[in-house]
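J.: Start counting the sequence shown at 58; every next residue gets the next number (our numbering). For each residue, glycine too, the CB sits at the ideal point set by N, CA and C. Below is a structure I'd like to ask you about.
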Amino acid sequence: MDVLIVLVLLGVALRVLRRRRTAAVALGLAVLLFLVTGWGLLPACLLQSLQGPYARRPAIAWAPRNAIVLLGAGAQRAADGTVEPGEPAHSRLNEALALYRECKASGMDCRLEVSGGDARHTGESEAAVYAAVLERMGVAGADLLLEPRSMNTWQNAQFSAPLLHGYGAQRVVLVSSAMHLRRASLYFAHFGIAATPVRSDWAKERMDWWPQSWNFAVTDLALHEYVGVLRYHVYNALGWNVQATDPGAP
58 MDVLIVLVLL GVALRVLRRR RTAAVALGLA VLLFLVTGWG LLPACLLQSL QGPYARRPAI
118 AWAPRNAIVL LGAGAQRAAD GTVEPGEPAH SRLNEALALY RECKASGMDC RLEVSGGDAR
178 HTGESEAAVY AAVLERMGVA GADLLLEPRS MNTWQNAQFS APLLHGYGAQ RVVLVSSAMH
238 LRRASLYFAH FGIAATPVRS DWAKERMDWW PQSWNFAVTD LALHEYVGVL RYHVYNALGW
298 NVQATDPGAP
């Protein structure tokens, strides 16, 4: 955690400068932060607020035209040289596939959009890599929409909007990790896409008297999401975001 490192460095610097009382406070805060994070208390609080609204998967009333948007979660080159979805992506692929099958069973028109560029520099976009996996899992190639340019969540939303409007989607279902859905939904709404969020995986802290490295990793990921939401609102206040799109606009 960056904050923990900063507190430790600050404490050391203050000791060098003979500001011992202030240094003790900084180092004490570092120890406290280390313990509440490692024991699972801090990640538990962060995750509950971040993921809570998405705990229960919603019942979806499928419209005549539906789009299920699958957000990429990385790609990697395997030992045999092929490019495959990263480990966090599999739960998203499974959830998107389940929703696609449910939608098709309803008799309505369904498209599955995969959004993700080559952020890991593998030579292939996440959209293309995931689409190949989905076709092997039974998704019709004609039902796939690919968005292969985005390098982050903001661009996922920005570049998906024209595809979804072009298709004329009346119901959009957004699939991602529970931890990611608040920020992703916010960004998609900015570009005029009122999506129904559906979680794939669910992150959980590990409560233990001995500090767990897992808790530090989860805390970093959760803080990244909070910072992303805060940055969005700050940029909006400063007028730095592109103009928001009316959800009712074509």
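Note down, in chain order, each residue of its chain lying with its Cβ closer than 8 Å to the Cβ of Pro-307, except the 5 sequence neighbours on either side.
T.: Here the question's residue 307 lines up with position 250 in the sequence shown. Model confidence at Pro-307 stands at a pLDDT of 42, short of 50, so the residue's coordinates are unreliable; what they give is reported in the following sentence. These residues qualify, in order along the chain: His-222.
J.: Look up Arg-228 in the DSSP assignment and give the residues it is bridged to.
T.: Here the question's residue 228 lines up with position 171 in the sequence shown. Per DSSP, Asn-123.
J.: Excluding the 5 residues flanking Asn-213 on each side, which residues of the same chain have their C-beta closer than 6 Å to its C-beta?
T.: Position 156 of the sequence shown, counting from 1, holds the residue named residue 213. Cβ neighbours of Asn-213 beyond the five flanking positions: Leu-128, Ser-172 and Ser-207.
J.: So, is Leu-287 buried or exposed, given that buried needs 16 or more other C-beta atoms within 10 angstroms?
T.: In the sequence shown, counting from the first residue as 1, residue 287 sits at position 230. By the 10 Å Cβ count, Leu-287 comes out exposed.
J.: Only counting the same chain, and skipping five residues up and downstream in sequence, which positions put a Cβ closer than 8 Å to that of Gly-227?
T.: As a working mapping, residue 227 is identified with position 170 in the sequence shown. First, the residue type needs correcting, since residue 227 is Gln and not Gly in the sequence shown. So the list reads Ala-120, Pro-121, Arg-122 and Asn-123, once near-sequence residues are dropped.
J.: Give every residue of the same chain whose Cβ lies closer than 7 Å to the Cβ of Glu-152, excluding the five residues on either side of it in the sequence, and list them in chain order.
T.: Your numbering for residue 152 matches position 95 in the sequence shown. For Glu-152, where only same-chain residues beyond five positions count, the Cβ hits under 7 Å are Val-232, Val-255 and Ser-257.
J.: Grouping DSSP H, G and I as helix and E and B as strand, with all else coil, what is Ser-233?
T.: Position 176 of the sequence shown, counted from the start, is the residue given in the question as residue 233. Looking at Ser-233 - three-state DSSP - the assignment turns out to be strand.
J.: Can you give me the start and stop residues for the beta strand (DSSP E) that Arg-26 sits inside?
T.: This structure cannot settle anything about residue 26, because the visible part of the chain is limited to 58 through 307.
J.: Should Asp-384 go down as buried or exposed, given a rule of 16 or more other Cβ atoms within 10 Å for buried?
T.: Missing from the structure shown is residue 384; the chain here goes from 58 to 307 and no further.
J.: According to DSSP, is Val-284 part of a helix, a strand, or is it coil?
T.: The count along the sequence shown starts at 1 and reaches residue 284 at position 227. If DSSP states are grouped into helix, strand and coil, Val-284 belongs with the helices.
J.: Assess contact between the segment 144 to 151 and the segment 186 to 193, defined as three or more Cβ pairs (one per stretch) separated by less than 8 Å. Is contact present?
T.: Result yes; three or more Cβ-Cβ pairs closer than 8 Å.
J.: Roughly how many whole angstroms lie between the Cα atoms of Val-275 and Leu-107?
T.: Along the sequence shown, one-based indexing puts residue 275 at 218. Along the sequence shown, one-based indexing puts residue 107 at 50. Each residue's alpha carbon lies about 12 Å from the other.
J.: Helix, strand or coil: which one does DSSP assign to Thr-276?
T.: Within the sequence shown, the letter at position 219 stands for residue 276. Residue state, collapsed to three classes: helix.
J.: Could you work out which residue in Val-93, Val-196 and Thr-253 is closest to Ala-118 when comparing CA atoms only?
T.: For the purposes of this step, residue 118 is taken as the residue at position 61 of the sequence shown. If we check each option's Cα against that of Ala-118, Thr-253 comes out closest.
J.: Go ahead and label Arg-113 buried or exposed: buried means 16 or more other beta carbons lie within 10 angstroms of its beta carbon, across all protein chains shown.
T.: The residue given as residue 113 occupies position 56 in the sequence shown. Arg-113 is exposed by the Cβ-count criterion.
J.: Following the continuous beta strand (DSSP E) through Ala-189, name the residue where it begins and the one where it ends.
T.: Start at 1 with the first residue of the sequence shown, and residue 189 comes out as number 132. Premise fails: Ala-189 lies in the alpha helix (DSSP H), 183 to 193, not in any beta strand (DSSP E).
J.: Heavy atom of the ligand FMN less than 7 Å from the Cβ of Ser-207, yes or no?
T.: Absence of the ligand FMN is noted for the structure shown, with no ligands found whatsoever.
J.: Within the segment 241 to 271, note down every full beta strand (DSSP E) run reaching 3 residues or more, in order along the chain.
T.: With a minimum length of 3 residues, the continuous beta strand (DSSP E) runs that stay inside the segment 241 to 271 are 253 to 256.
J.: Quick one: Cα of Ala-185 to Cα of Trp-266, how far?
T.: For the purposes of this step, residue 185 is identified with residue 128 of the sequence shown, where counting begins at 1. For the purposes of this step, residue 266 is identified with residue 209 of the sequence shown, where counting begins at 1. Approximately 44 Å between the Cα atoms of the pair.
J.: If Val-126 and Ser-217 are in contact, beta carbons under 8 Å, what's the gap, nearest whole angstrom?
T.: Along the sequence shown, one-based indexing puts residue 126 at 69. Along the sequence shown, one-based indexing puts residue 217 at 160. About 6 Å; that satisfies the 8 Å criterion.
J.: Pick helix, strand or coil for Pro-110, following the three-state DSSP scheme.
T.: For the purposes of this step, residue 110 is identified with residue 53 of the sequence shown, where counting begins at 1. In the structure shown, Pro-110 sits in a helix (DSSP, three-state: H, G or I).
J.: Please state whether DSSP places Glu-141 in a helix, a strand or coil.
T.: What you label residue 141 is simply residue 84 of the sequence shown in a count that begins at 1. Note: Glu-141 maps to strand in three-state DSSP.
J.: Hey, could you find the ends of the alpha helix (DSSP H) Arg-149 is sitting in?
T.: The sequence position of residue 149 within the sequence shown is 92, counting from 1. That run of the alpha helix (DSSP H) goes 146 to 162.
J.: Taking Cβ positions, are Thr-210 and Phe-248 nearer each other than 8 Å?
T.: For the purposes of this step, residue 210 is identified with residue 153 of the sequence shown, where counting begins at 1. For the purposes of this step, residue 248 is identified with residue 191 of the sequence shown, where counting begins at 1. No, these two residues do not count as a Cβ contact at 8 Å.
J.: For Glu-183, count neighbouring C-beta atoms within 10 Å of its own C-beta (all shown protein chains included) and say buried if the count is 16 or more, exposed if not.
T.: As a first step, residue 183 is located in the sequence shown; it is residue number 126 there, counting from the start. Result: buried.
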